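Working notes, structure below.
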Amino acid sequence: MSDTSIPSLPCYLNGEFSTLRDAKVSVLDRGFIFGDGVYEVVPAYNGKPFRFAEHMARLDRSLAELRITNPKTHAQWHALVIKLIAAYAHSTGATAENTNQMVYIQITRGVAMRDHVMPPGLTPTVFATSNRMAIYSEADRAKGVACVTADDFRWEKAHIKTTSLAAAVLARQLSADEGAVETVMFRDGFLSEAAASNVWVIKDGVVMGAPRDNLVLEGIRYGLIEQLCRDAGIGFELRRIPRDEVLAADEILLSSATKEVLPVTLLDGRPVGNGQPGPIYQQLHALYQRAKQTS
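Note that the numbering used here has the sequence shown beginning at 965, numbered continuously upward.
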């Protein structure tokens, strides 16, 4: 992609606001050389960041795992996110209140000569931008989506939201090659997650997910879905789920910032349940939409 084909959307880089076309990072940045950094994606509905505190808590956890000091306070991050939401809306001729956006935040260790050892005293590189959030239509949701399965070949620190995403790219491509939306992964015969989503298995009215551990990136919707299930009186359980239980599920759901809560109706070409979005999905989807309006 040439510079002229990059959209001239607003962004923030190391204390300065510019555009995606103009912003430049050193070729010695450790994010470029090693993928030595973390990121967050904060959805914003009608100009308001959604579950911002939870995103900041996960950002803190990821940074701590990589031994990078958070360069901003949560209040400073919030102010920056609000500015980017407004700047993107202005750049498109809209207002923040009538746009749904995704604010992307990336922090790398900084710039240094190439060496695997973590150099002390570096100034982190801070980049952030916002863009339109494409939300699945109600027509798409009414049909559900197809997924494929694969062994989880990623590293054992999947709980860090790191920019080292080569394995996730390969996993997602497996589903793209089959015209599917996601790749549902299993480690040692047990469900972990999808390439860019968390996975929920529903059987006999109970919503089940993989445990919160180092093998799964705890999506912000982990806590939200648990809360929605509690509010609706739906059973909720986190445990190791064998592959055969996933294949025999009544319903399977994906969750992520962009997918929100999305029903899977085909897995490896076979129908999930009766091949239609199920009643638990319908309940959670309705509750999720309500949560968006009250955030």
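Every residue gets a Cβ at the ideal spot worked out from N, C-alpha and C, and that includes glycine.
Small disclaimer: the values here were computed from a predicted structure and weren't measured.
Check whether the segment 1097 to 1109 touches the segment 1210 to 1224, counting contact only when three or more Cβ pairs, one atom from each stretch, lie closer than 8 Å. yes
Do you know offhand how far Tyr-1052's Cα is from Asn-1162's? Here residue 1052 refers to the residue found at position 88 of the sequence shown. Here residue 1162 refers to the residue found at position 198 of the sequence shown. Distance between the alpha carbons of Tyr-1052 and Asn-1162: 28 Å.
Excluding five sequence neighbours on each side, which residues of the same chain lie with their C-beta closer than 6 Å to the C-beta of Phe-1200? Within the sequence shown, residue 1200 is the residue found at index 236, counting from 1. Val-1171, Glu-1190 and Cys-1193.
Distance check for Cys-1111 and Pro-1013, CA to CA, integer angstroms please. Taking the first residue of the sequence shown as position 1, residue 1013 is located at position 49. Taking the first residue of the sequence shown as position 1, residue 1111 is located at position 147. Rounded to whole angstroms, Pro-1013 to Cys-1111 spans 29 Å at the Cα level.
Kindly indicate which residue of Leu-1211, Gln-1137 and Cys-975 has the alpha-carbon position closest to the one of Phe-1150. In the sequence shown, the residue the question calls residue 1150 occupies position 186. Checked all of Leu-1211, Gln-1137 and Cys-975; the closest Cα to Phe-1150 is Leu-1211.
Interface flag, Val-1236 vs chain D, CB-CB below 8 Å: Included in the structure is just one protein chain, with no chain D present.
Going along the chain, which residues of its own chain have a beta-carbon closer than 6 Å to the beta-carbon of Met-965, five neighbours each way excluded? Numbered from 1 along the sequence shown, position 1 holds the residue referred to as residue 965. Its pLDDT being 47, under 50, Met-965 is placed unreliably by the model, and nothing is read from it.
May I ask you to verify whether the segment 1236 to 1251 touches the segment 1114 to 1126, counting CB pairs closer than 8 Å and requiring at least 3? no
Proximal residues to Asn-1010 (C-beta, below 6 Å), its chain only, five neighbours per side dropped: Taking the sequence shown and counting its residues from 1, the one referred to as residue 1010 is at position 46. So the qualifying residues of the chain are Glu-1061.
One or two residues paired with Tyr-976 in a DSSP bridge: As a position in the sequence shown, residue 976 is number 12, starting the count at 1. DSSP lists Phe-981 and Ala-1092 as partners of Tyr-976.
Who are the Cβ neighbours of Leu-1179 in its own chain at under 7 Å, not counting the five residues just before and after it? On the sequence shown, residue 1179 is found 215 positions in, with the first residue counted as 1. Once the five neighbours on either side are set aside, the close Cβ partners of Leu-1179 are Glu-1120, Ala-1122, Arg-1151 and Ser-1156.
Backbone secondary structure at Lys-1107 - three-state DSSP: Here residue 1107 is taken as the residue at index 143 of the sequence shown, counted from 1. Here Lys-1107 sits in helix by DSSP.
Inter-residue spacing [alpha-carbon to alpha-carbon] between Leu-1188 and Arg-1015: On the sequence shown, position 224 is the one that residue 1188 refers to. On the sequence shown, position 51 is the one that residue 1015 refers to. If I take the Cα positions, the gap works out to 9 Å.
With three or more beta-carbon pairs closer than 8 Å as the criterion, would you say the segment 992 to 1002 touches the segment 1068 to 1084? yes
Cβ-Cβ separation, His-1019 to Ile-1184 (assumed contact under 8 Å), whole Å: Residue mapping note: residue 1184 aligns to position 220 of the sequence shown, counting from 1. Residue mapping note: residue 1019 aligns to position 55 of the sequence shown, counting from 1. Yes, Ile-1184 and His-1019 are in contact; Cβ-Cβ is about 6 Å, under 8 Å.
For Glu-1215 versus Ile-1166, is the C-beta spacing smaller than 8 Å? What you label residue 1215 is simply residue 251 of the sequence shown in a count that begins at 1. What you label residue 1166 is simply residue 202 of the sequence shown in a count that begins at 1. Contact flag set, yes.
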